[in-house]
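Last residue of the sequence shown? That's 97 in UniProt numbering, and every number before it is there in order. Cβ atoms here follow ideal geometry from the backbone N, Cα and C, with glycine treated the same way. In this text, all values refer to a predicted model and were calculated from it rather than measured experimentally. Below is one structure, written out as structure tokens, with a few remarks after it.
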Amino acid sequence: DKSHKVPDFKVGDLVLVSTLNFDNIKGPKKLKDSYVGPFVIVALHGTNAVQVELSGELENKHPTFPVILIKAYQPADKEFFSFKESNSFNCTTSGTK
């Protein structure tokens, strides 16, 4: 296929892993994240598979994934998403109804 682009992953890159085949992630499937991570690539297996270092509740999964289920991790732009800590939501309830 002429339009097929081979991903250029390297050992040490941060990637996200698709949750398409993960059944053990809690919650309704429709609300489940499409990708989890980021994870570090620890090995390349040809041009079709990568091995990542899994952690947390995914430690029991096989760490090798086809590149079709992997995408490069892009950190959030800190200028665009400026989160400020705020204590403006001090919820207090009064004892009266």
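Item: Let me make sure I understand the geometry here. Which of Glu59, Leu58 and Gly37 has the alpha-carbon closest to that of Pro75?; Value: Gly37
Item: Which value, in whole angstroms, describes the spacing of the CA atoms of Leu14 and Ile41?; Value: 6 Å
Item: Using the beta-carbon count (16 or more within 10 Å), is Asn21 buried or exposed?; Value: exposed
Item: Here's the rule I'm using: 16 or more other beta-carbon atoms within 10 Å means buried, otherwise exposed. How should Ser86 be labelled?; Value: Note that Ser86 scores a pLDDT of 49, beneath 50, so its modelled location is shaky; the value from the coordinates is reported in the next line. So Ser86 counts as exposed.
Item: If we require 3 or more residues per run, which beta strand (DSSP E) segments fall completely within the UniProt domain "Tf2-1-like SH3-like" (12-73)?; Value: 14-18, 35-45, 49-52, 64-66 and 70-72
Item: Mind reading off the beta-carbon distance from Gln51 to Pro63? Whole number of angstroms is fine, and I expect it under 8 Å.; Value: 5 Å
Item: Just to confirm my understanding: we take Ser44, look at its own chain, exclude 5 residues before and 5 after, and list those with CB closer than 7 Å. What are they?; Value: It is Leu, not Ser, that sits at residue 44 in the sequence shown. Cβ neighbours of Leu44 beyond the five flanking positions: Phe9, Val11 and Val50.
Item: Under 7 Å between the Cβ atoms of Leu16 and Lys61?; Value: no
Item: What residues in its chain sit with their C-beta under 7 Å from that of Phe48, if we drop five residues either side in the sequence?; Value: Note that residue 48 is Asn in the sequence shown, not Phe. Cβ neighbours of Asn48 beyond the five flanking positions: Pro66 and Val67.
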